Amino acid sequence: MNAKVDWDYAREAVGGSPELLQELVEIFFAEYPKLITGIQTSIESANLTDLRRFAHTLKGSLRYFGKTEAGKLSLALEEMGRDAQLEDAHQVFARLQSEVNALIPELTAFAESQTSDHDA
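Counting in numbering that gives the first Met the number 0, the final residue of the sequence shown is number 119, and the numbers go up one at a time with none missing.
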């Protein structure tokens with residue numbers, strides 16, 4: 000299985016601080032369900048402003064984990080909201096959900112390894 004997270008990039012982004020990376024993973028876990036729901040609702044209601052905002056925020060959260068496919072798809076949805084071009088939004092959103100779901104096991108494993116390191 001190919002890694003979805005670019006851990007070298009992620010470590011560099013936080014100056015090598017495992018604590019800060021752990022905090023970013025925890026923030027991502029707390030925020031991404033609301034952002035995914037917000038994107039879905041925005042697409043369904045054709046709310047371009049909210050679509051841009053939710054997709055932009057998710058893209059920002061994902062950037063710490065490297066140039067992920069999920070980040071690229073978030074950017075695509077942000078641009079669809081900006082350009083009022085929602086024709087492919089449902090398909091892009093479905094791919095985004097799949098890509099985010101593929102990141103979760105890696106992020107979970109990292110978070111659990113950090114927790115067990117602190118317990119040792």
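Where is the CB? At the ideal position from N, CA and C, for every residue including glycine. Just so it is clear, the structure is predicted and the values come from calculations on it, not from any experiment.
In this structure, does DSSP put residue i in helix, strand or coil?
| i | result |
| --- | --- |
| Asp82 | helix |
| Glu25 | helix |
| Gly59 | helix |
| Ala45 | coil |
| Lys3 | coil |
| Thr114 | helix |
| Ser97 | helix |
| Gly15 | coil |
By Cβ distance below 7 Å, which residues in the same chain neighbour residue i in space, the five residues on each side in sequence not counted?
| i | result |
| --- | --- |
| Glu43 | none |
| Phe21 | First, the residue type needs correcting, since residue 21 is Gln and not Phe in the sequence shown. So the list reads Ala110 and Gln113, once near-sequence residues are dropped. |
| Gly70 | Lys58, Leu61 and Arg62 |
Return the chain-ordered list of same chain residues with a C-beta closer than 6 Å to the C-beta of residue i, the five sequence neighbours on each side being excluded.
| i | result |
| --- | --- |
| Leu23 | Tyr63 |
| Asp49 | Ser41 |
By alpha-carbon positions, which one of the options ends up nearest to residue i?
| i | options | result |
| --- | --- | --- |
| Gln39 | Ser115, Gln84 and Leu95 | Leu95 |
| Glu68 | Gly37, Ser115, Pro17 and Ala93 | Ala93 |
| Asp5 | Leu106, Thr114 and Ala110 | Leu106 |
| Ile26 | Ala54, Leu61, Gly14 and Gly37 | Leu61 |
| Ala110 | Glu11, Leu19, Tyr8 and Asp7 | Leu19 |
| Ala9 | Arg52, Asn100 and Lys66 | Lys66 |
| Ala88 | Ala75, Glu98 and Asn100 | Ala75 |
When we look at the beta-carbon of residue i and count the other beta-carbons within 10 Å, is it buried (16 or more) or exposed?
| i | result |
| --- | --- |
| Ala45 | exposed |
| Ala119 | A caution first: Ala119 carries a pLDDT of 48, below 50, which makes its placement in the model too unreliable to give a value. |
| Lys33 | exposed |
| Glu77 | buried |
| Gly15 | exposed |
| Ser73 | buried |
| Ala83 | exposed |
| Ala54 | buried |
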